Amino acid sequence: MKKTKNMKAAVGKYDAMKLYPIDEAVTLVQEMKYSKFDESVDISINLGVDPRHADENIRITTPLPNGTGKEVTVLVLAEGPQEKEAEDAGADHVGNKEYLTKIKNGWTDIDKIIATPSMMGELGKLGKILGPKGLMPNPKSGTVTMNVSKAVKDLKAGQVELRVESNGIVHVSCGKVSFQKEELVQNITKIYQTIIKARPASVKGHFLEKMAISSTMGPSVLIDHSAIG
C-alpha cells in the first residue's frame, strides 16, 4: 500500500520494530494523529491459541474504566417485564416480533443486540444476516440474558468484547485519541489483565505473543507488555 505524505511523516517519528512502554506507546499514537476527526485507538493482541479448540476459543467481556468514547446503539429483543426493564435502562430499541421482521428485511442499524433466551429460537434463524456483522447475541458475551437491565447499562458504559479471531488475534477499541493519556493507559491495562486471566490451561509456552496499538488512520506501535502490571 502506498504511504501518504502524512503517514510517512508519522512513521518517521518512531521505530516500528521497537517495544515501547505502554505510556510511551500511547503518547506516540496520540502524537502521530493527523486526521481532522477524533480517531479511535485500537488494540491488537496476538495470542498463542488455536481457536479451533473450544477451550482456546476465547470470548469474554470486560468493562473499561474510561469507556470507549463511542455511543453504542442497543436493541433489546424481549417480551413482558424485560421490555420495560430495557427501556428504563436506556436501550435505544425494544421489542420482539416487529424487530425480528425488520432484521429479516435487512435492517441492522444498531451496534449491539441483547436478547432473552426465549427470543433466541427465532433470532437464530437470522444468523446469516447477523453473524457476518457480529450482531448475534451470545451468552459468553452477556448478550443472551434475563437481566437485560444490567446488560444494557454495561454496554452503554463502555463494556467491550474480547473475541479471538480464527488467526489467534484479538482486535478491540480501547478509546479515542482525544482521551487523556492516563485514561488510555488504564483501559489498555484492563484489557491486558482480562486477557491474561483468560489464559486456557491447555496453552503451553507463550500465551500473549504480541500487543500493539494504533489510531484509526495511524501506524501500529508495539507495546512492551512484560512491563504492564
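Once you know that position 167 of the sequence shown is 169 in the working numbering, the rest is easy, because the numbers rise by one and skip nothing. Glycine is no exception: its CB is placed at the ideal position from the N, C-alpha and C atoms. Source: prediction; values computed, not measured.
Taking Cβ positions, are alanine 200 and valine 154 nearer each other than 7 Å?
-> no
Just how far apart, CA to CA, sit leucine 137 and lysine 114?
-> 6 Å
At 3 residues or longer, and completely inside the segment 75–130: list those beta strand (DSSP E) runs for me, N to C.
-> Correct list: 76–79, 95–97 and 114–117.
What is the residue span of the alpha helix (DSSP H) that aspartate 44 lies within?
-> That residue, aspartate 44, is in no alpha helix (DSSP H); its beta strand (DSSP E) goes 42–49.
Is there contact here, the segment 52–72 with the segment 200–209, by at least three beta-carbon pairs under 8 Å?
-> yes
Say whether the segment 12–22 touches the segment 171–186, bearing in mind that this needs 3 or more beta-carbon pairs closer than 8 Å, one atom from each stretch.
-> With the cut-off at 8 Å, the segment 12–22 and the segment 171–186 do not touch.
Inter-residue Cα distance where the pair is alanine 214 and threonine 191 | Each residue's Cα considered, the two are about 12 Å apart.
Spatial neighbours of isoleucine 62 in its chain, beta-carbon cut-off 6 Å, leaving aside the 5 residues before and after | Leu164 and Ala200
Given that a residue counts as buried once 16 or more other Cβ atoms are within 10 Å of its Cβ, and exposed if not, what is asparagine 98?
-> buried
Given that a residue counts as buried once 16 or more other Cβ atoms are within 10 Å of its Cβ, and exposed if not, what is histidine 208?
-> Exposed.
Select from Glu26, Lys38, Val76 and Ser46 the residue whose C-alpha is nearest the C-alpha of alanine 159.
-> Out of Glu26, Lys38, Val76 and Ser46, Val76 has the C-alpha closest to the C-alpha of alanine 159.
Assuming leucine 125 contacts leucine 79 (C-beta within less than 8 Å), just tell me the rounded distance between them.
-> Yes, they are in contact, since the Cβ atoms of leucine 125 and leucine 79 sit about 6 Å apart, within 8 Å.
Report the option in Asn149, Glu167, Met148 and Gly14 whose CA atom is closest to the CA atom of proline 134.
-> Glu167
Separation of isoleucine 193 from serine 175, as counted between CA atoms | 10 Å
C-alpha distance - isoleucine 232 paired with valine 74, whole-angstrom precision | This structure cannot speak to residue 232, because the chain is shown only from 3 to 231.
Bridge-paired residues (DSSP) for threonine 63 | DSSP lists Glu163 as partners of threonine 63.
Between lysine 212 and the rest of its own chain, which residues show a CB-CB distance below 6 Å, the 5 nearest in sequence each way excluded?
-> Asn48
Could you name the residues that DSSP lists as bridge partners for serine 217?
-> According to DSSP, which records beta bridges pairwise, serine 217 is partnered with Val43.
Rounded straight-line distance, which links the Cα of aspartate 25 to that of methionine 3 = Note on methionine 3: pLDDT 46, under 50, position unreliable in the model; the coordinate value appears next. Those two C-alpha atoms are separated by around 29 Å.
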